[in-house]
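Below you'll find the structure, written out as structure tokens, and then a few comments.
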Amino acid sequence: MIHRVLITTACFAMTTMAAAQSPCPGSIIAWGIDDPTHSWDYGQVSNTPAGDDFIAISSAEFNNLALRADGSIVSWGSNVHGQVSNVPTGTGFVAIAAGYHCLAVHQDGTIHAWGQDTHGQVSNTPTGNDFVDVAAGYQFSVALRADGSLVAWGRDDYGQVSNTPAGGGIVEIAAGGFHTLARRGNGGLLAWGWNFDGQVGGTPQTLGFTGIAAGAFHSTAMDADGNLVGWGYNETGQSSPPSGSGYYTAGGGGGHGLAVNVDSHLVAWGMTHDAGGQNFGQVSDAPDGFGFFAVDAGAFHSIALRLPSGRAPVVGDMDCNGIVDVSDLLILLANWGKCDPGDPCAADLDGNGVVDVSDLLILLGNWG
Ligand SMILES: [Ca+2]
Ligand SMILES: [Ca+2]
């Protein structure tokens, strides 16, 4: 019974599965709850910012963050904990994570935190200038250093902080409600924190995964063939993503999940109605068409990034001109052997943390 209470009242912190895809700017599409008279409507859909220069999104239960190409952050939706009013100004941010508290990494390697601070999830944010990514759980935080090691702080009643693995080799992190996922450069997965629904214990032990996403009480990963695998809480089907291969990004919400397939179409699954039978459309209103390249899920809403032209993203098109050609090859060669763990380096096409021959083969495979 605890699930049903939490699923409707608790904060869900969600992270988006890293895409092995260059962050070409796009516009934000949001759908789901859109009823100003409803107590759960904080404008998380209706206040979605316009523009076609967004490169990243992060959605939480009732609020969202987006990152513009210039590195400035936009925040909209619930401001109950100052998530909107305290958003940092300025440019140069490179990573964002939305929750009741929000986190961002600046290009100078420092972490900025704002919003709810019940367990030091904001005030105990570590100093230092070697951070490359962040994830916001429910009242706890995780950060990835450039050397591939992790730091966690905030709420720790299920070991979500104290059981954080030591050592390096991590290239991606995702925080759920009370658990965390991490992915190593070899595609191996790690999980710790609350395991009540198997969201930790059900973690696959094989290698070769290319992306992870954490929902409130469930987990999702993507293998090298683009198959989605889900485990953990599944009352509304949220840990049962569609079968088939060809997905390259996914986001985990409270009761539903989202992915973009290889044709850049949206796929949504899981909860279509709340406990009272109301359909907010977070699954059923997923827009048709192609050109989508990032997704994330809130409690009763969904957001996605779409190329402004509606054209399909092409893996390897690092200069975002719609074709893979010699200019992209030069970018890849200029980054050869580089990309720090966790760095959203566009030239690391397979997301394994280094630019090497495997990325070159992907680029050549999409040539023209
Ligand atoms: Ca190009
Ligand atoms: Ca690579």
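According to our numbering, the residues represented by the sequence shown are 5 to 372, in order. Even for Gly, the Cβ is constructed at its ideal location relative to N, Cα and C.
In the DSSP assignment, the alpha helix (DSSP H) including Gly369 goes from what residue to what residue?
Looking at the DSSP string, the run of the alpha helix (DSSP H) that includes Gly369 is 361-369.
Quick one: residues in its chain with C-beta nearer than 7 Å to the C-beta of Ser26, no 5 flanking neighbours on either side, listed in chain order?
Legend: pLDDT at Ser26 = 45, less than 50; position of this residue unreliable, value from coordinates given subsequently. Correct list, in chain order: Asp321, Met322, Cys324, Ala350.
What residues in its chain sit with their C-beta under 8 Å from that of Gly206, if we drop five residues either side in the sequence?
Same-chain partners within the cutoff: Ser223, Trp235, Gly236.
Please list the terminal residues of the continuous alpha helix (DSSP H) segment that includes Asp332.
Asp332 -> alpha helix (DSSP H) spans 330-338.
Could you give the residue range of the beta strand (DSSP E) that holds Asp137?
First-last of the beta strand (DSSP E) with Asp137: 135-140.
Measuring straight from C-alpha to C-alpha, what distance separates Gly346 and Ala217?
Here the model assigns Gly346 a pLDDT of 46, short of 50, so the residue's position is not dependable and the matter cannot be decided.
Applying the criterion that 16 or more other CB atoms from any shown protein chain within 10 Å of the CB defines a buried residue, is Pro40 buried or exposed?
So Pro40 counts as exposed.
Could you name the residues of the same chain whose beta carbon sits closer than 8 Å to that of Ile335, not counting the 5 residues immediately before and after it, in chain order?
These residues qualify, in order along the chain: Met322, Asp323, Ala350, Ala351.
Does the separation of the CB atoms of Ala179 and Ala140 fall below 9 Å?
Yes. Within cutoff.
Count the other C-beta atoms from every protein chain shown that fall within 10 angstroms of the C-beta of Asp74, then say buried if there are 16 or more, exposed otherwise.
Looking at its Cβ environment, which holds fewer than 16 other Cβ atoms inside 10 Å, Asp74 is exposed.
Ile61 by DSSP, collapsed to three states: which one?
Ile61: strand per DSSP, three-state reduction.
Does ligand 1 have even one heavy atom less than 8 Å from the beta-carbon of Ser331?
For ligand 1, at least one heavy atom lies less than 8 Å from the Cβ of Ser331.
Which term fits Ala279, buried or exposed, when burial requires 16 or more other beta carbons within 10 angstroms of its beta carbon?
Classification of Ala279: exposed, given that the 10 Å Cβ count is below 16.
Determine the DSSP secondary structure at Thr224, reduced to helix, strand or coil.
Reduced to three states, the DSSP call for Thr224 is strand.
Using 8 Å for Cβ pairs, my map puts Asn67 next to Val91. What's the rounded Cβ distance?
With 8 Å as the limit, Asn67 and Val91 do not qualify as a contact, their Cβ atoms being about 10 Å apart.
Smallest Cα separation from Gly30: which of Arg310, Thr129, Gly274?
It is Arg310 whose Cα lies nearest to the Cα of Gly30.
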